[in-house]
Amino acid sequence: MPNSGLSDMSSRKPPREHRMLKIDEVASIKKIELNQTIESFVTKLNEFEADVNRLQNITKKCTGENKDVIQHVDRQAKHISNVLENQRRCIIDDIKQKAKTETERISTIEGDLQHCLKAAKEMERKAKLYIHGSDTSLLSNFQLIKSEVDTFELQDTSISTCSVQFSKYNVPKEELLLLESVFSGNLCGLSENVER
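All residue numbers for the sequence shown refer to numbering that gives the first Met the number 0, where the first residue is 0 and numbers rise by one.
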């Protein structure tokens, strides 16, 4: 009788072959699912790799474009710098040349003024000789002065601008009129100065 229970339990277990078949089916299903999972993972990995490659290409393109832009800006900056430097040099050279020309012109004017002063002093000296009676040759004396005046001219005005103040020597009006006629107007207005 006691063996009857064991025999009942063994009779309820599926046969070994059936159990093995069941395990094989489950394993096969799991293998298929695993393969599908792997394929899905590989697919996603390929998609990710493609995205990475695409991003790398975009990065390379952007880097190349940025490099071109940077080089272009650098070239433009150098060009502008060269232009400004050339303009600066031209301005400095122009200023130097104008300064040199102006210095030469001033030197010429200074020389003219010195000559003018010398001529005026000589005129004053000869006038004093006449006024004090040392030289009675009025006409010849002032004709000589007139020749000196006529041969000297400044760039813009004649030596008449350096007129001598004869009025302080109390020269008679008649003699001043004679002087004016000798100078042909170069020292015009002397008689009026005496009257004033």
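Ideal Cβ positions, reconstructed from N, Cα and C, are used throughout, including at glycine.
Taken atom to atom, the span from the alpha-carbon of THR107 to that of THR100 is near 11 Å. If you draw a straight line from the Cα of GLN75 to the Cα of ASN85, it is about 15 Å long. Rounded to whole angstroms, ARG87 and CYS61 show a C-alpha spacing of 38 Å. Buried is the label assigned to CYS115, since at least 16 other Cβ atoms lie within 10 Å of its Cβ. Burial is judged here by how many other beta carbons sit within 10 angstroms of a residue's own beta carbon; ALA126 has at least 16 and is buried.
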